[in-house]
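As structure tokens, the structure follows; a few thoughts come after it.
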Ligand code: DPP
Ligand code: ZN
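Residue numbers (the UniProt record's numbering): 4 to 877.
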């Protein structure tokens, strides 16, 4: 496979203004008739051939302006169709046959539980019909679906239904009209025996919109939260961005087999059932919040993605970065804002930093790719969102909002670039953002080394910042970026933020300074007392910042920092310092000794007024093994695991009574609601239970068992079950697991959780368990949720067992990748990730991991897997 380059972009030779589709649905032989209204693109020269994409399509008929084409007038290849000579403007009619039931890649038209559905982003539409499958071709669509009336009573597509009727042979049809020009990646159809839940929303201009969520009958009781989230998101986008919905109908459909979380097809969002269905007894608080976030995300795409879309797939972050930023702000507004930020950053620093440091590192706007399906990454999404957040902070919210208005107004109905978006921000703010654009083109995580000094005689604080971005594949040399750093100077005497004055300018007590050079010195004047700097508040830029904090400094910030995020981060940094010592002790075989300063810091937290309970729960949570690993020059999975366990047990032993008190104080019998206060209390209670269970004494086991059997809600049940199953006591683990598995055997989303809980056990027999569970009737390699729950969770989260020294974990993953490469390349390529990180491990593991990558490479590979494996072995 050959890479595609951004620099080769040209507008299409012909554009489609209108697309009329007719589907005659059949599992083995669906017929798709397409009538395309085409015209030459005004910027392209006359006389060019017409090139259409098409894969796995059996062409049955082709005509231009009603005239069937002779075989020498066109050429068919494995990737498409070329018509040698066409008029300036014309109608193209084609008819193809496809087999949805054979489609295990879940791209294009496929079947899931007997229902038909589609996934077209990025390039699935070419598996439905011959088409210029690129986002800069935007047409209005009319879609007629024909199917068996009894088994497919519901026939859905984009837009509004305009006609329906019965056909001979117990068949029926529905025609849908979507008046908004759209690229074909936003096309969707659904056909099946579905039930709907309906609600209404009145838009800010007073239009009535019908809201429908379509599910299989047994899931009818699980849509309330998604519906409520949708309405909140619609109202939020009106209030916050002035964006109103633009059709009479908005539909969400839940599908069991789905590669992504969800898809923003115009008027007909298709969701992975895991991203829409909730019930207090089947979904955790985290799942409720995830559903809310994803429903909002897809809805927000209606403007940031659909009305204004991407010119080409290199611009993917134009819609994803902006939309993730929008959904993050929405969730922050509806839940605890500091906790939302802590969760997002925590995830970002663990997973995106690792991506940016590995062989698949790429800029937020890549300049080449082989398979765009491999670029739905944390870098494009999350780092893209961090860039938009920096932009918003640079120009200020009100200006950012004006820039957003300008962007939507100027480019409505168009397919545009990242320059167009940033250009609007530059225009409304008057700021030159050309240097800022480097954030989009330069891969890798910038590292900042900071140090500071207080000058008592002049009352000055000098802060020196040095930035450097390490080389990434294809980019050896890096330039200095414009990095906004929000900071405070916390007085060591007063414990308060001191006023920040720089170059004679008063910046307030919560200031932003701008690092633009490789090295810069900032001299703050009139600093009345020696400060501890609180740097990168709120994670104001996606960078790694090192500062030689002493443990007392961190304990001080943990207590006094006025920025909630940095207070949390000070605790994390303090824990990391202690963990460092313990990791070294473990490796050197010396006795581990717990740092009393960490114990005292935790004691202080437990004694303090909890304030925001959700934040306190985060503060009491130790950095994850994955995040600890990110900080180590060489990852020693066993030492990290042992050190973290030791800290947990030491804290539990020293503070047992406090944790017990915390647990008791946060139990509640109120009816479950996924509301911030309840969620906060539950997380606090469950953090306390985790510490108590680290001791595995009878009382802790009793509490966990009671919480499990009380069966109050899935958050509590799952947490208790996890603690029981992860304990060293098989006699309590097995009965609980069995009871849970039997109770929920009928519910695929709960069974996903049952799989994940087992395969994250630290016990050494877990790999055999994974293999055993792969034969479980509830497991299927064809279902991405199952693959993620069992294999993805094992390889990504059970670090000690995946990295077993005999290489059996790696081998298992490679075996699955090889099989999935044939069934579902997109999922196969994503699953490889843990193996691509081999550089971070010792030589023995490196050799084993590379050996498995080479074994994969020897197969006949899909472009998806090929691209990842080649990069990993380069
Ligand atoms: N459905 C995916 C998302 O919403 C891809 N657009 O991010
Ligand atoms: Zn998206």
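The beta-carbon is built from N, C-alpha and C at its ideal position, and this holds for glycine as well.
This structure is a prediction, so every number in the text was calculated from the model and none was measured.
Where does residue 4 land, buried or exposed, given buried means 16+ other C-beta within 10 angstroms? Residue numbering aside, residue 4 sits at position 1 when the chain shown is read from its first letter. So residue 4 ends up on the exposed side.
* Report whether the distance from the Cβ of residue 891 to the nearest heavy atom of the ligand ZN is below 7 Å. => Nothing about residue 891 can be read from this structure; the chain reaches only from 4 to 877.
- Is residue 87 near the ligand DPP, in the sense that its beta carbon is under 7 Å from a heavy atom of that ligand? On the chain shown, position 84 is the one that residue 87 refers to. Answer for residue 87: no, Cβ out of range of the ligand DPP.
Buried or exposed: which applies to residue 63, given that a residue is buried once 16 or more other Cβ atoms fall within 10 Å of its Cβ? In the chain shown, the residue the question calls residue 63 occupies position 60. So residue 63 counts as exposed.
- Query: From residue 189 to residue 124, what distance separates their C-alpha atoms?
  - Reply: Here the question's residue 189 lines up with position 186 in the chain shown. Here the question's residue 124 lines up with position 121 in the chain shown. Each residue's alpha carbon lies about 7 Å from the other.
**Asked** By the 10 Å Cβ neighbour count, where 16 or more other Cβ atoms means buried, how is residue 343 classified, buried or exposed?
**Response** Residue mapping note: residue 343 aligns to position 340 of the chain shown, counting from 1. Residue 343 is buried by the Cβ-count criterion.
query: Whose CA, out of 657, 609 and 772, lies closest to the CA of residue 669?
result: Taking the first residue of the chain shown as position 1, residue 669 is located at position 666. The candidate whose alpha carbon is nearest that of residue 669 is 609.
Check whether residue 140 and residue 193 have beta carbons under 8 Å apart:
Residue mapping note: residue 140 aligns to position 137 of the chain shown, counting from 1. Residue mapping note: residue 193 aligns to position 190 of the chain shown, counting from 1. No, these two residues do not count as a Cβ contact at 8 Å.
- Query: Shortest alpha-carbon distance to residue 703 belongs to which of 732, 680 and 676?
  - Reply: For the purposes of this step, residue 703 is taken as the residue at position 700 of the chain shown. Closest by alpha carbon: 732.
Q.
Suppose contacts are defined by Cβ-Cβ distances below 8 Å. Is residue 232 in contact with residue 294 by that definition?
A. In the chain shown, the residue the question calls residue 232 occupies position 229. In the chain shown, the residue the question calls residue 294 occupies position 291. The answer is yes: Cβ separation under 8 Å.
Outcome for residue 666 when other beta-carbon atoms lying within 10 angstroms are tallied against a minimum of 16
Your numbering for residue 666 matches position 663 in the chain shown. Burial call: buried.
When we look at the beta-carbon of residue 2 and count the other beta-carbons within 10 Å, is it buried (16 or more) or exposed?
Because the chain is modelled from 4 through 877, residue 2 falls outside the range shown and cannot be assessed.
What are the start and end residues of the beta strand (DSSP E) that includes residue 759?
Numbered from 1 along the chain shown, position 756 holds the residue referred to as residue 759. First-last for residue 759: 751 to 762, but that is the alpha helix (DSSP H), not the beta strand (DSSP E).
### Query
Helix, strand or coil for residue 339 per DSSP?
Sequence index remark: in the chain shown, residue 339 carries index 336 (1-based). Three-state DSSP puts residue 339 in coil, outside helix and strand.
Closer than 6 Å is what we want: which residues have a beta carbon that near any heavy atom of the ligand ZN? List them in chain order.
300, 304, 323 and 326
What is the C-beta distance between residue 679 and residue 617, in whole angstroms, given that I count them as a contact (C-beta under 8 Å)? Within the chain shown, numbered from 1, the residue matching residue 679 stands at position 676. Within the chain shown, numbered from 1, the residue matching residue 617 stands at position 614. Confirmed, Cβ separation roughly 7 Å.
Open item on the list: Let me check you understand the geometry: is the CB of residue 110 closer than 7 Å to at least one non-hydrogen atom of the ligand COA?
Closed with: Of the ligands this structure carries, namely the ligand DPP and the ligand ZN, none is the ligand COA.
Residues bridged to residue 274 by DSSP?
Working through the chain shown from its first residue, we reach residue 274 at position 271. Answer is 257 and 265.
Report task. Count the other CB atoms, across all protein chains shown, that sit within 10 Å of the CB of residue 456; report buried if there are 16 or more and exposed otherwise. Result -> Residue numbering aside, residue 456 sits at position 453 when the chain shown is read from its first letter. With fewer than 16 other Cβ atoms within 10 Å, it is exposed.
**Study point:** residue 544 (DSSP reduced to helix, strand or coil)
**Key:** Working through the chain shown from its first residue, we reach residue 544 at position 541. Coil, per DSSP.
- Item | With 16 other Cβ atoms within 10 Å as the buried cut-off, status of residue 604 | Position 601 of the chain shown holds residue 604. With 16 or more Cβ atoms within 10 Å of its Cβ, residue 604 is classed as buried.
| Ordered along the chain, which non-local residues of its own chain (more than five positions away) have a Cβ less than 7 Å from that of residue 830? | As a position in the chain shown, residue 830 is number 827, starting the count at 1. Excluding sequence neighbours, residue 830 sits near 262, 787, 790 and 823.
Just to confirm, is the Cβ distance from residue 222 to residue 267 under 8 Å? For this step, residue 222 is matched to residue 219 along the chain shown. For this step, residue 267 is matched to residue 264 along the chain shown. Not closer than 8 Å, so no.
- Message: If you measure between the beta carbons of residue 272 and residue 258, is that distance less than 8 Å?
- Response: To locate residue 272, count along the chain shown from 1; it is residue 269. To locate residue 258, count along the chain shown from 1; it is residue 255. No; because the gap between Cβ atoms is not below 8 Å, this pair is not in contact.
Any heavy atom of the ligand DPP closer than 7 Å to the beta-carbon of residue 385?
By 1-based counting over the chain shown, the position of residue 385 is 382. Every heavy atom of the ligand DPP is 7 Å or more from the Cβ of residue 385, so no.
* Asked: Between the region 165 to 173 and the region 140 to 152, do at least 3 Cβ pairs fall closer than 8 Å?
  -> yes
(message) For the ligand DPP, I want to know if residue 588 counts as a neighbour, meaning its beta carbon is within less than 7 Å of at least one of the ligand's heavy atoms.
(response) For the purposes of this step, residue 588 is taken as the residue at position 585 of the chain shown. No.
Got a sec? Which residues, its chain only, sit under 6 Å from residue 425 by beta carbon, not counting five neighbours each side? As a first step, residue 425 must be located in the chain shown, where it is residue number 422. Excluding sequence neighbours, residue 425 sits near 436.
**Three-state class that DSSP yields for residue 436 in the structure shown** = Sequence index remark: in the chain shown, residue 436 carries index 433 (1-based). It is coil, neither helix nor strand.
**Counted within 10 angstroms of its Cβ, other Cβ atoms place residue 3 as buried (16 or more) or exposed** = Here the chain covers residues 4 to 877 and nothing more, so residue 3 does not appear.
Within 10 angstroms of the Cβ of residue 26, are there 16 or more other Cβ atoms? Answer buried if so, exposed if not. By 1-based counting over the chain shown, the position of residue 26 is 23. Residue 26 comes out buried.
Note to self: With a threshold of 6 Å on Cβ separation, who are the neighbours of residue 394 within its own chain once the five nearest residues in sequence on each side are excluded?
What the structure shows: In the chain shown, the residue the question calls residue 394 occupies position 391. Here the set comprises 428.
- Query: Between the C-alpha atoms of residue 448 and residue 175, what's the straight-line distance to the nearest angstrom?
  - Reply: The sequence position of residue 448 within the chain shown is 445, counting from 1. The sequence position of residue 175 within the chain shown is 172, counting from 1. One C-alpha to the other measures close to 55 Å.
Does the region 357 to 369 come close enough to the region 865 to 877 to have 3 or more Cβ pairs within less than 8 Å? yes
> Under a three-way DSSP split, which group does residue 727 fall into?
Replying inline: Counted from its first residue, the chain shown places residue 727 at position 724. Helix.
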